[in-house]
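Going from the sequence shown to my numbering is simple: count from 1 and add 30.
Contents: one structure, followed by commentary.
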Amino acid sequence: MPRSLRPQANAHVSPVGKMIPLPRLKVSGVALAALALLLALAYWGYRTYAKSQLQKAVIELVKDSSDRLQAGLGVEAGAASVAKIDDLAQEVDKDVIELNRLSASPNRPLVDAAEEYLLTIRQILRSQAASQRYRAQVMARDSALRDHMRGSSRRSRAWIDEAVRMKDRLEKDYFDYRTSAGALRRLLDSLPETRKKLALHVGAAPLADESAVRKARQRALEDSRRVEDEMERARKLAAVR
């Protein structure tokens, strides 16, 4: 077929054989800009929603852990106190695990601040339980040593050896108590700063009460001094010559 008679691109052959040009489809710059704006708005809307949902989830976990901390700080030392505080620490550990399951990409600073806060709370409760556990052991060892020393009128080589062993066990428990009590005080000291960083993201409402933390720190300090005084008296009493 001669080149002049071949159908041309973008043309339509009419029933009578005439070539009718078809209109070209053009996408204007305005349409492209509108499409880009629509996509940007959709992405912004998704990010805003994701950030809002993350904020709600984090606040819930923070409040739960804060409530457990305040419950733990209010537990009086006693036979069942260590188990109760350990249970509270385990519940906070669950909050830490749940926090780590969340997608932090919508607000990484929020998640980082919340993680530091929750980990501090968990360690406070663990240290509190440990210090109470070792304190109870120190008191029991001290009482047993005092009972033993009351029999000093029947002093013998075996009696002296047992007194030395009892004092050594007491010193070990006291060392463990002093270590855990010191950790507890340091953690309580660090909590206000950790709390302050998180408050920038969630406000003060879901966070542990500052006055409760200060009181707990003061109690921990006073307890340490009392146990230290008891240890000094026990050392003098057990000075076997």
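Each residue gets a CB set at the ideal place from its N, CA and C atoms; glycine is no exception.
As the structure is a computational prediction, the values presented were derived from the model and not from experiment.
In the three-state reduction of the DSSP assignment, R256 falls in the helix class. Counted as a single uninterrupted DSSP element, the alpha helix (DSSP H) harbouring R215 occupies residues 187 to 232. When Cβ pairs closer than 8 Å are counted between the two stretches, the segment 250 to 263 is seen to touch the segment 215 to 223, the count reaching three or more. Close CB contacts of A174 within its chain, under the 8 Å cut and outside five residues either way in sequence, are with M196 (chain order).
Taking the C-beta atoms as reference points, Q162 is found nearer than 8 Å to S111. Between Y164 and Y207 a beta carbon distance of about 4 Å is seen, short of the 8 Å cut, so the two are scored as contacting. In the structure shown, E106 adopts coil according to DSSP, grouped into three states. V243 is positioned such that its CB atom lies no closer than 8 Å to that of V88. Taking a C-beta distance under 8 Å as the contact criterion, V122 and L155 qualify as a contact pair. Burial state of Q83 is exposed, judged by a 10 Å Cβ sphere holding fewer than 16 other Cβ atoms. With distances taken between CA atoms, K81 lies nearest to P136 out of H178, I190, P136. Going by beta carbons, L118 and A144 fall outside the 8 Å limit. Between the C-alpha atoms of R199 and A268 there is a straight-line separation of about 12 Å.
DSSP places P139 in the helix class (H, G or I) of the three-state scheme.
Less than 8 Å divides the Cβ of V168 from the Cβ of V257. The C-alpha of L62 is placed about 52 Å away from the C-alpha of P222.
Excluding its 5 nearest sequence neighbours in each direction, Q158 has C-beta neighbours in its own chain below 7 Å: G102, I115, L214, listed in chain order. Sixteen is the threshold: when 16 or more other Cβ atoms of the shown chains lie within 10 Å of the Cβ of L129, as they do, the residue is buried. Assigned with DSSP and collapsed to three states, L251 falls in helix. Considering only G181, R263, K124, G104, the residue with the shortest C-alpha distance to L149 is K124. DSSP places R131 in the uninterrupted alpha helix (DSSP H) bounded by 111 to 131. Contact annotation, Q85 with L132: C-beta distance approximately 11 Å; criterion of less than 8 Å not satisfied. Here R244 carries a helix assignment [DSSP, helix/strand/coil].
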